[in-house]
Amino acid sequence: MHSHQVSGIENNKYSVLSNILDLYENRKENLIQILHAVQNAYGCIPLDLQQTIAVRLGIPLSKVSGVISFYSFFSTKPRGQHTIRICMGTACYVRGGKKLLEHLMNTLDVEPGDTTADGKFTLEVARCIGSCGLAPAIMIDDVVYKQMTPVKVNELLSNF
Ligand code: FES
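So in my numbering the end of the sequence shown lands on 190, straight run, no missing numbers.
Shown next, in the form of C-alpha cells:
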C-alpha cells in the first residue's frame with residue numbers, strides 16, 4: 031500500500047483517472063465506457079482529463095472531445111444538483127419561452143450550459159419537451175412544468 035497523504039489533491043485527482051484507464055486497459059475501443067466511468071467519478075470531463083485520456087489511448091484529443099460533444103449525457107463542465115431545461119421549441123419560443131430564458135439567465139446569473147455559483151442549478155436549453163399545447167414549458171430534473179411565467183418560475187425555484 032502506498033500513501034495518498036503525500037501526493038496531494040492534484041495527484042489524487044489524476045490517480046482516479048489513471049485507475050479507470052488501467053481498468054479498461056488503455057484501449058481506444060473502450061473510449062465510451064471510459065468516458066462514462068470518468069464522468070461518474072468526476073461529475074464531468076474537463077479538458078485536462080480529456081488530454082490525459084487522449085494520450086493514454088493514443089488517439090487525437092479531437093476524437094475524445096468529439097465523442098463527448100456528440101452524446102448529451104457527457105458534460106465538460108461541473109453540473110448542478112438540479113438541471114433546468116427551458117424549452118426553445120417553436121411553440122414555447124413564440125409564447126414567452128425566450129422571455130423565460132432571459133429571466134432565468136438574470137435570476138440565476140448563468141448562461142445556458144452553465145451552473146450557478148452555489149452549484150444548485152444547471153441551465154440548459156431544450157428543443158421540444160412534448161408540451162407544446164401548454165407552452166411555454168420548462169423541465170426541472172424529470173418533471174415538466176407547463177404554462178410558465180417568470181412569477182411561476184420564481185415560486186418553483188424557491189421550492190428547491
Ligand atoms: S415546443 Fe416547447 S414543449 Fe414543444
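All C-beta atoms in this analysis are idealised placements derived from N, C-alpha and C, irrespective of residue type, glycine included. The model shown is predicted, which means the values in this text are computed figures rather than measured ones.
Out of the options, state which residue places its alpha-carbon closest to the alpha-carbon of residue i.
i	options	result
C162	L134, P180, A121	A121
V173	N184, H112, I62	H112
S45	A71, H66, K58, R57	A71
T179	S188, F190, A67, A165	A165
G127	K150, A156, F100	A156
E59	G73, L77, K93	K93
Does the beta-carbon distance from residue i to residue j come in below 8 Å?
i	j	result
R109	T145	yes
L153	L134	yes
I83	L51	yes
I98	L65	yes
N56	L87	yes
L91	L47	no
F104	Q69	yes
T106	I62	no
So, for residue i: in the same chain, excluding its five sequence neighbours on each side, which residues have a beta-carbon less than 7 Å away from its beta-carbon?
i	result
H34	Note on H34: pLDDT 42, under 50, position unreliable in the model; the coordinate value appears next. Excluding residues within five positions, the ones whose Cβ falls inside 7 Å are N42.
V36	Caution applies to V36, whose pLDDT of 45 falls short of 50 and renders its modelled position unreliable; the value that the coordinates give is listed next. The answer is none, since no qualifying residue turns up.
Q81	L91
Which of the three DSSP states is assigned to residue i in this structure?
i	result
C122	helix
V140	coil
T204	Outside the shown range of the chain, which is 31 to 190, sits residue 204, and nothing can be said about it.
R86	helix
F151	strand
Closer than 8 Å by C-beta to residue i: which residues in its own chain qualify, once you throw out the five before and the five after it? Chain order, please.
i	result
S102	none
D139	T146, A147
R125	A165, P166
Leaving aside the five residues before and after residue i along the sequence, list all residues of the same chain whose C-beta is less than 6 Å from its C-beta, in chain order.
i	result
A30	This structure does not reach residue 30, given that the chain is present from 31 up to 190, and the question cannot be answered.
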